[in-house]
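Worksheet: the structure to be examined is printed underneath.
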């Protein structure tokens, strides 16, 4: 049996004070040889701004690998592409992409994010 691989998921902080607490927590947890940390996106992207800021802070102030979540349901394609482009420009190379649960009787859309050249493919179902 090998060494366990650990990761932690955080909800994005909503205040600068909570952001400092997240940074301290991630720095303490890295002693556990984390595989990565991830930051949630919230239903319908409700915490997008906070997720973006948390990933930016983790990128510049901590060392574990970091993956933002990206909940795609209810977001227009151009918005998803813009979010991915922003993350790419920050140095993020991996995203946890989630379809999410549609609100109401919408047709579900599946988004597939590929690592190759930082491209995003969008496929409707």
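Residue numbers (our numbering): 93 to 217.
Positions of the beta carbon are idealized from the N, C-alpha and C atoms, including for glycine.
Remember, predicted model here, so these are calculated numbers, not experimental data.
How many angstroms separate the CA atom of residue i from the CA atom of residue j?
i           : j           : result
residue 95  : residue 118 : 20 Å
residue 133 : residue 174 : 15 Å
residue 124 : residue 159 : 18 Å
residue 189 : residue 164 : 7 Å
residue 187 : residue 181 : 13 Å
residue 120 : residue 111 : 14 Å
residue 162 : residue 153 : 22 Å
residue 139 : residue 104 : 7 Å
residue 102 : residue 146 : 9 Å
residue 113 : residue 169 : 34 Å
residue 157 : residue 122 : 10 Å
residue 171 : residue 144 : 14 Å
residue 179 : residue 167 : 16 Å
Restricting to Cα atoms, I'd like to know which of the options is closest to residue i.
i           : options       : result
residue 106 : 158, 142, 148 : 142
State yes or no: is the beta carbon of residue i nearer than 7 Å to at least one beta carbon in chain D?
i           : result
residue 102 : Here chain D cannot be found, since the structure has a single protein chain.
Does the beta-carbon distance from residue i to residue j come in below 7 Å?
i           : j           : result
residue 149 : residue 109 : no
residue 100 : residue 129 : yes
residue 98  : residue 126 : yes
What would DSSP say about residue i, mapped onto helix, strand or coil?
i           : result
residue 152 : helix
residue 101 : strand
residue 113 : helix
residue 162 : strand
residue 131 : strand
residue 146 : helix
residue 172 : helix
residue 189 : strand
residue 181 : helix
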